[in-house]
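Peer 1: Under the working numbering, the first residue of the sequence shown is numbered 77, with each subsequent residue one higher.
Glycine residues also receive a C-beta, built at the ideal position from the N, C-alpha and C atoms.
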Amino acid sequence: MNYPFPKKTLVIPVLLLIPMWIIFLFQINGYETSGCYGVIPRTFVGLKGILFSPLFHSGWKHILSNTFPLAFLSFLALLLYDRLAYYVIFFGWIISGILLWIIGNPPFLDDHVSCHIGASTIVYLLASFIFFSGVIRKERGLMAVSLIIIVLYGGMIWGMVPQEILPQLKSEVGNNSISWEGHLSGFITGAFFAYLFRKIGPQKESPKWDQENYYDPREEQLWNTYLEQEREKAEYLNALNEKDNEDYFDNDSDNLVK
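1. Taking buried to mean at least 16 other C-beta atoms within 10 Å of its own C-beta, is residue 85 buried or exposed?
2. Evaluate residue 133 with the Cβ neighbour count: other Cβ atoms within 10 Å of its Cβ, from every protein chain shown; 16 or more gives buried, anything less gives exposed.
3. Does DSSP classify residue 285 as helix, strand or coil?
4. Going straight from the alpha carbon of residue 298 to that of residue 310, what length do you get?
5. Under three-state DSSP, which class holds residue 190?
6. Under a Cβ-count criterion, where at least 16 other Cβ atoms within 10 Å of its own Cβ denotes burial, should residue 213 be classed as buried or exposed?
7. Smallest Cα separation from residue 221: which of 141, 184, 148, 178?
8. Go ahead and pull the three-state DSSP assignment for residue 90.
9. Can you tell me where the alpha helix (DSSP H) holding residue 137 begins and where it ends?
10. Sorted by chain position, which residues of the same chain lie with C-beta nearer than 6 Å to residue 193's C-beta, five sequence neighbours on each side aside?
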């Protein structure tokens, strides 16, 4: 069976979504998990959330708002960057979780820490990586995708603004406030990986003549033809000069005889 896209671009997004939905279905059917499996900033017990927080959601609205962007962005990352996307997803999952554990609920804004859950951290990670990779690499196709990301997800920038600073942006997903710290952690991590891996994967194509060991027999033939024409032109001009000189001396001789 022929697929319009590589199978992994479909399989990996499904593998990301399956555990997330299994856990959610258990939750809504009464199988409550004890304690918080999300990131609880700067606490020992909250460290487990680095691994598990993207798998837990607070309600239908929360999980649906993450499902479709996660599926699309992971598909896009795999389609454009192939195996590099594996490293971005895996290590980005870990690093963004660590960053969230460090910066979550900053003391100057919150007087308590909360449990941060949801796959939006990974959504921001992938959106940031795809956008900045296209900009940094300056490859036309990737830059076009970056523009698409801006059009589709440009509004995500407001999800990284603390609600304490702009209360009018305050919103809730399920029963919990949106974790702007998680969004910011994913965004920073994605931009970092875009820069770190800028020389790996698809690159801007340089002109053929700038490439090392470039050789084109057609261009060599054109160059030889040009040189031959220049040689013939020089010979013709020399011949004209010699003829003019001969005519000049002949005229002088005639004048002397007269």
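Peer 2: To lay it out plainly:
1. buried
2. buried
3. A caution first: residue 285 carries a pLDDT of 49, below 50, which makes its placement in the model unreliable, though a value can still be read off. Residue state, collapsed to three classes: helix.
4. 18 Å
5. Three-state result, residue 190: coil.
6. buried
7. 148
8. helix
9. In this chain, the alpha helix (DSSP H) harbouring residue 137 covers 136 to 157.
10. 114, 129, 132
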